Amino acid sequence: KAGVTQTPRYLIKTRGQQVTLSCSPISGHRSVSWYQQTPGQGLQFLFEYFSETQRNKGNFPGRFSGRQFSNSRSEMNVSTLELGDSALYLCASSLSPGGNQPQHFGDGTRLSIL
Amino acid sequence: AQSVTQPDIHITVSEGASLELRCNYSYGATPYLFWYVQSPGQGLQLLLKYFSGDTLVQGIKGFEAEFKRSQSSFNLRKPSVHWSDAAEYFCAVAKRVGGGADGLTFGKGTHLIIQP
């Protein structure tokens, strides 16, 4: 069974631009969560989607948004990029929402802001 | 708010020696508990999880962890480490009540270095 696939693996953008990252979950998994990983703040929860609806959102500004499609694939968008948005963005999928559903992570998208 | 503390930023262990990585959590009720491992340039791989029952849980790659309610701890152990165990290890918790709200809360991680 294929794992969680994130594209692209690397991105370089400049301040003020916007970016879209993509995540394909494990087949059969319907819940997708996004995390930001930085050296300073560590791993932080961005949001979770299930059945095309955002169920939870972390403490991030409105510039960070996402969506989920009917096939459970998910995208996240960051608008008006800032230098501090440079990070590894990780997507995780699980069968369904709930703390007792182990999350399986992709290899991430490394976003660099110049 | 729930929090996870991994007191050791770096740990160096000789190959073949035993390992224990510490994790303490702060939460009103016992959360779901997880350990993940991250190799350079890769995502996180689930090592093991604790939901309920036996407080000693077995995971992949020869790892085990023990949940101690009285100490709010969930320490990860391995009897004999291999050079391939060098990686970043993260302890994480998820809310038991209220479902998956707020996602996983992670500790800052422990960087494991293996000496030959």
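Same order as they appear, the protein sequences are chains A and B.
Using my numbering, the first residue of the first sequence is number 4, and each one after it goes up by one.
Using my numbering, the first residue of the second sequence is number 934, and each one after it goes up by one.
Glycine included, C-beta positions come from ideal geometry on N, C-alpha and C.
No experiment lies behind these values; they were computed from the predicted model shown.
Beta-carbon within less than 8 angstroms of B/V946's beta-carbon, same chain only, minus the 5 sequence neighbours each way: which residues are those? Here residue 946 of chain B refers to the residue found at position 13 of the second sequence. Excluding residues within five positions, the ones whose Cβ falls inside 8 angstroms are L952, V1014, L1045, I1046, I1047, Q1048.
Closer than 8 angstroms, CB to CB, is B/G1036 near chain A or not? Translated into positions along the second sequence, residue 1036 of chain B becomes position 103. Interface residue, yes.
Between the Cα of A/G69 and those of A/N62, A/T112, A/E85, A/E51, spot the shortest distance and give me the residue it belongs to. Within the first sequence, residue 69 of chain A is the residue found at index 66, counting from 1. The residue with the shortest Cα to Cα distance from A/G69 is A/E51.
Hey, B/L981 and B/G974: beta-carbon distance below 8 angstroms or not? Here residue 981 of chain B refers to the residue found at position 48 of the second sequence. Here residue 974 of chain B refers to the residue found at position 41 of the second sequence. Not a contact, by the Cβ cut-off of 8 angstroms.
When you compare only the Cα positions, how much space is there between B/S985 and B/K1001? Locating residue 985 of chain B in the second sequence gives position 52, counting from the first residue. Locating residue 1001 of chain B in the second sequence gives position 68, counting from the first residue. Approximately 12 angstroms, taken between the alpha carbons.
DSSP on B/R955, reduced to helix/strand/coil? Counting from one through the second sequence, the residue named residue 955 of chain B turns up at place 22. Coil.
Quick one: using the 10 Å Cβ neighbour count with 16 as the cut-off for buried, is B/G1033 buried or exposed? As a position in the second sequence, residue 1033 of chain B is number 100, starting the count at 1. Because the pLDDT at B/G1033 is just 47, under 50, the model does not fix this residue reliably, and the point stays unresolved.
Pull up the CB-CB distance for B/A1027 and A/G102, whole angstroms please, since I reckon it's below 8 angstroms. Taking the second sequence and counting its residues from 1, one reaches residue 1027 of chain B at position 94. Taking the first sequence and counting its residues from 1, one reaches residue 102 of chain A at position 99. Between A/G102 and B/A1027 the Cβ distance is about 3 angstroms, and since that is below 8 angstroms, they are a contact.
Since B/Q978 is in the beta strand (DSSP E), which residue starts that stretch and which ends it? The residue you call residue 978 of chain B lines up with position 45 of the second sequence. Start and end: 977–983.
Examine the Cβ distances between the stretch 31–50 of chain A and the stretch 66–82 of chain A and report whether three or more of them are shorter than 8 angstroms. yes
Throw me the rounded Cβ distance for the B/C956 and B/F996 pair, which I believe falls under 8 angstroms. Taking the first residue of the second sequence as position 1, residue 956 of chain B is located at position 23. Taking the first residue of the second sequence as position 1, residue 996 of chain B is located at position 63. Actually they are not in contact, since the Cβ atoms of B/C956 and B/F996 sit about 13 angstroms apart, beyond 8 angstroms.
Per DSSP, A/G87 forms a beta bridge with which residues? By one-based count along the first sequence, residue 87 of chain A stands at place 84. According to DSSP, which records beta bridges pairwise, A/G87 is partnered with nothing at all.
Kindly say whether A/G39, judged by its beta-carbon, lies nearer than 8 angstroms to any beta-carbon of chain B. Taking the first sequence and counting its residues from 1, the one referred to as residue 39 of chain A is at position 36. The sequence given here places Gln at residue 39 of chain A; Gly does not occur at that position. No, its Cβ sits nowhere closer than 8 angstroms to a Cβ of chain B.
Near A/R31, what residues of its chain come up, given a Cβ to Cβ distance below 6 angstroms and the 5 sequence neighbours on each side ignored? Residue numbering aside, residue 31 of chain A sits at position 28 when the first sequence is read from its first letter. Correcting the residue type first, residue 31 of chain A is Gly in the shown sequence and not Arg. Within the same chain, A/G31 has no close Cβ partners at all.
Own chain, CB closer than 6 angstroms to B/Y958, minus 5 neighbours either side, in chain order: In the second sequence, residue 958 of chain B corresponds to position 25, counting from 1. Excluding residues within five positions, the ones whose Cβ falls inside 6 angstroms are V937, S1005, V1026.
Hey, out of B/W1016, B/Q939, B/L966, whose CA is closest to B/A998's CA? Sequence index remark: in the second sequence, residue 998 of chain B carries index 65 (1-based). The shortest C-alpha separation from B/A998 is found at B/L966.
Would A/L84 and A/R18 qualify as a contact pair, given that the criterion is a beta-carbon distance under 8 angstroms? Residue 84 of chain A sits at position 81 when you count from the first residue of the first sequence. Residue 18 of chain A sits at position 15 when you count from the first residue of the first sequence. Cβ atoms of A/L84 and A/R18: closer than 8 angstroms.
Is there a Cβ of chain B sitting closer than 8 angstroms to that of A/N59, yes or no? Within the first sequence, residue 59 of chain A is the residue found at index 56, counting from 1. Interface residue, yes.
Which listed residue (B/V990, B/K1041, B/Q978, B/R1029) has its alpha carbon closest to that of B/T963: Numbered from 1 along the second sequence, position 30 holds the residue referred to as residue 963 of chain B. It is B/R1029 whose Cα lies nearest to the Cα of B/T963.
For B/R1002, name the three-state secondary structure that DSSP assigns. For the purposes of this step, residue 1002 of chain B is taken as the residue at position 69 of the second sequence. In the structure shown, B/R1002 sits in a helix (DSSP, three-state: H, G or I).
Which one or two residues does DSSP pair with B/A1019 in a beta bridge? For this step, residue 1019 of chain B is matched to residue 86 along the second sequence. Answer is none; B/A1019 lacks a bridge partner.
Provide the residue span of the beta strand (DSSP E) that contains A/T23, from first to last. Residue numbering aside, residue 23 of chain A sits at position 20 when the first sequence is read from its first letter. Note, A/T23: beta strand (DSSP E), 22–27.
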